[in-house]
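Novice: If you count the sequence shown from 1, position 361 lands on 342 in my numbering, and the numbers rise without skipping. In this text, a Cβ means the ideal position worked out from N, Cα and C, and glycines have one as well. One structure is given below, represented as structure tokens, and several questions about it will come after.
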Amino acid sequence: MCTDYSNLNKACPKDAYPLPCIDRLVDGASGHGVFSFLDAYSGYNQIKMHPTDEEKTAFITENANFCYRVMPFGLKNVGATYQRLMDKVFQGQIGRNIEIYVDDMVVKSGSLTDHMADLAEIFGELRKHNMRLNPEKCTFGVRGGKFLGFMLSVRGIEANRDKCQAVLEMRSPSNLKELQRLSGRLVALSRFLPRLGDKISPMTKLLRKASTFSWNESCEAAFAVLKAALATPPILTRPDPLNPLSVYLAVSDEAISSVIVQEKGGTQAPIYFVSRLLQDSETRYQLIEKVVLGLVHTSRRLRHYFQSHPVVVHTDCPISKVLRKPKLARRMMAWSVELSQFDITYRPRGPIKAQCLVDFVNELHPHSYFEEQWWILHVDGSSNR
């Protein structure tokens, strides 16, 4: 039954109950030895409607008028209502042995013995609140699986193979719609693609132009580079809350990029790749401004990491000296204040210790280093006394 509740939704106030951060859930669930993926049986329909609100869900059929006695799909606040229920039911287990995003649930354990005990605890809560699972969509006691579009395993967080394969099997776009489809698929995998902004730049220019679509050699070369990167995407790790995070920045004429890593076992394990293209006005920023913008964008995009960890920024640019100046340009002053809320220290760049970080060996574009630029002054020979 498909019912249009657009008018009812317009009259309903918005339930602002917050949904959990997907990145935090994925980080919290990864790195464990045994998983079980649970799915509720028609989860929304397991919540009863308030008696006085049942008639508001009324719909007309050929035979009679009906209304829902349980919460149907399509109502404005069903996601927030269901998340609130899950948070109350599993308030003692969330973060410890289970992660939940609305109706997606994953039980995580370090060993099979612990996993059996965790499942017994979870099932006890489900029986206590009279909730049912769909056995056809549940998977128990596996070494890895898909959760919120990511592949989880003991090794860490891996890119969804189906999403990678979809890009690898695509032919070169021949029109704007196909290019938009490709761009959307790449954005979904952006966490695993270092310096995506630089790699996708030739293709993105076609999206901005209003002229005839023209797929050229530079676009084909960029597409080949992206396919090569997705053929063997890096495995990301979850951050250790007891150790600081390291940030490496990369700036070019067209994009800003960064990667968050953490020292583990003598190597630098990547946690998250961030990248975006510069807007037209941002391309004219001074080089130091672009570097600071890259750090600011990273702190906004990954705010939950910056708030919960000390952060070490490895850079050869004098960011700390510039931001401490009493007189700064307006945007630099705003960025300095914004970054001051985090525990950030700056150190010179050292050697890169991971193959997947090779794109961050050079912090700046080869033509963008801090070099003295001499001005030529032309005079007409006249003098003023």
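1) For my contact list, V292 and P214 are in at a C-beta cut-off of 8 Å; report their separation, rounded to the angstrom.
2) The beta strand (DSSP E) that contains A212, what's its start and end?
3) Determine the DSSP secondary structure at N46, reduced to helix, strand or coil.
4) Taking three-plus beta-carbon pairs below 8 Å as touching, is the stretch 3 to 21 in contact with the stretch 89 to 109?
5) Leaving out five residues on either side along the sequence, give the residues of the same chain with a beta carbon under 7 Å from the beta carbon of S280.
6) Is there at least one Cβ from chain E nearer than 8 Å to V303's Cβ?
7) Mind pulling the beta strand (DSSP E) runs of 3 or more residues that sit fully within the stretch 247 to 290?
8) Which residue spans inside the stretch 63 to 147 form an unbroken beta strand (DSSP E) run of at least 3?
9) Kindly identify the DSSP beta-bridge partner or partners of V292.
10) Taking 7 Å as the line, does the beta carbon of L211 fall inside it for any heavy atom of the ligand MG?
11) With a Cβ-Cβ cutoff of 8 Å, do G60 and Y(-14) count as a contact?
12) Got a sec? Which residues, its chain only, sit under 7 Å from G126 by beta carbon, not counting five neighbours each side?
13) Helix, strand or coil, according to DSSP, for S164 in the structure here?
14) Please report the distance separating the alpha-carbon of L223 from that of L276.
15) Among D297, P332, L338, R311, which has the Cα closest to the Cα of T326?
16) Going by the CB atoms, is the gap between T38 and C390 shorter than 8 Å?
17) Quick one: what does DSSP say S182 is sitting in, helix, strand or coil?
18) Check F173 in the structure and name its three-state DSSP category.
19) Could you check whether the stretch 199 to 218 touches the stretch 149 to 160, counting it as contact only if at least three pairs of C-beta atoms, one from each stretch, sit closer than 8 Å?
20) Would you please state the rounded distance, in angstroms, between the beta carbons of F341 and A231? I believe it to be under 8 Å.
21) Measuring only the C-alpha atoms, how far is G24 from I81?
22) So what's F16 in DSSP terms, helix, strand or just coil?
23) What would DSSP say about F54, mapped onto helix, strand or coil?
24) For the alpha helix (DSSP H) holding S23, just list the boundary residues, first then last.
25) Please confirm whether Q243 and D221 have their CB atoms less than 8 Å apart.
26) For E244, report the span of its beta strand (DSSP E) as first-last.
27) According to the neighbour-count rule (16 or more other Cβ atoms, all chains shown, within 10 Å of its Cβ), is Y253 buried or exposed?
28) Decide if S227 is buried, meaning its Cβ has at least 16 other Cβ atoms within 10 Å, or exposed.
29) Taking contact to mean 3 or more Cβ pairs, one atom from each stretch, closer than 8 Å, check whether the stretch 59 to 74 and the stretch 129 to 148 are in contact.
30) Spatial neighbours of L283 within its chain, please: C-beta separation below 7 Å, excluding the five flanking residues on both sides.
31) Using beta-carbon positions only, say whether H110 and V51 come within less than 8 Å of one another.
32) Hey, could you find the ends of the alpha helix (DSSP H) V7 is sitting in?
33) Tell me the rounded alpha-carbon separation between W196 and L207.
34) Output the boundary residues of the alpha helix (DSSP H) element that contains N156.
35) For L304, count the other beta carbons within 10 Å of its own beta carbon; 16 or more makes it buried, fewer makes it exposed. Which is it?
36) Tell me I28's beta-bridge partners as DSSP assigns them.
Specialist: Looking at the atomic coordinates:
1) Between P214 and V292 the Cβ distance is about 25 Å, and since that is not below 8 Å, they are no contact.
2) Premise fails: A212 lies in the alpha helix (DSSP H), 198 to 212, not in any beta strand (DSSP E).
3) strand
4) yes
5) F287, L320, F323
6) As a matter of chain content, chain E is missing from the structure shown, which is built from one protein chain.
7) 248 to 258
8) 79 to 82, 85 to 90, 120 to 123, 125 to 128, 131 to 134, 137 to 139
9) L226, I325
10) Of ligands this structure carries none, so the ligand MG is not represented either.
11) no
12) F16, F18, T120, L133
13) helix
14) 22 Å
15) D297
16) In the structure as shown, the chain begins at -18 and stops at 366. Residue 390 is therefore absent and cannot be evaluated.
17) helix
18) helix
19) yes
20) 5 Å
21) 13 Å
22) strand
23) coil
24) S23 -> no alpha helix (DSSP H), and no H or E assigned at all.
25) yes
26) 236 to 245
27) buried
28) buried
29) no
30) I241, Y253, V255
31) no
32) 3 to 10
33) 16 Å
34) It is not in any alpha helix (DSSP H) - N156 carries neither H nor E in the DSSP assignment.
35) buried
36) Answer is none; I28 lacks a bridge partner.
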